Amino acid sequence: MTPLARANALALAAPAIAMAGALGSQYIGHLYPCEMCHWQRWPHEIAIALAILAFFLPRDPRRSLIGLAAVAILISGAIGIFHAGVEYHWWEGFTTCSRTGGAVTLDSIMATPMIRCDSAQWTFHGVSLAGFNALWSILGGIGVFALLKRAR
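Numbering-wise (this note's numbering), the sequence shown opens with residue 135 and increments by one.
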């Protein structure tokens, strides 16, 4: 496998694994995401789409899309750092609330779990899911760029 193909595979695998973990913790572990948790997912979704598209393109546009996917992965990591900082009370977060999709009715408001962005629902050795996403995403993004550099 060439370094470019490895970069493309990592640009797909890193956000796919992160999203699998996020969705698994939500639907299997019943850890409902707060608004900032959703913000961390958006760049991963973009990175997955870019990495899939890159598999079907010639070398030069492929490199560009893989690079954009790496940037998206790093953006998720940056949001994860911000979110972890809010959870650890290093700085204040945004004071907006979040809800699930659908029509807003009194019943839907009352049925929506109240998930605070400044309180970690789960930690492992003091590291929250936002912290793990930050670590995973930053290492993944750097790894993609390192492989892209080797592919020159």
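Beta carbons are placed, not taken as given, at the ideal position from N, Cα and C, and that holds for glycine. All values derive from a computational prediction rather than experimental measurement.
- Look at F258 here: in three-state DSSP terms it is strand.
- Here DSSP, grouped into helix, strand and coil, assigns H172 to helix.
- Note on M244: under 16 other CB atoms within 10 angstroms of its CB, so exposed under the neighbour-count rule.
- The beta carbons of A204 and F279 sit about 5 angstroms from each other, so the pair counts as a contact at 8 angstroms.
- Sequence-distant Cβ neighbours of H223 in its own chain, meaning closer than 8 angstroms and more than five residues away, are D252.
- Excluding five sequence positions before and after W173, the CB atoms of its chain that fall closer than 8 angstroms to its own CB belong to I213, H217, given in chain order.
- Taking a cut-off of 8 angstroms for Cβ pairs, the segment 140 to 155 and the segment 184 to 203 touch, as three or more such pairs fall below it.
- The straight-line gap separating the alpha-carbon atoms of G158 and G227 is approximately 25 angstroms.
- Rounded to the nearest whole angstrom, the C-alpha separation of A264 and G201 is 23 angstroms.
- In this structure, A156 keeps its C-beta atom at 8 angstroms or more from the C-beta atom of W270.
- Shown here, F279 sits in a helix according to DSSP, grouped into three states.
- Just measuring C-alpha positions, the residue of P137, L165, F189, A154 sitting nearest R250 is L165.
- The three-state secondary structure of S253, taken from DSSP, is coil.
- Secondary structure at R286: coil, using DSSP grouped into helix, strand and coil.
- Boundaries cannot be given for H164, as no alpha helix (DSSP H) includes it and DSSP labels it neither H nor E.
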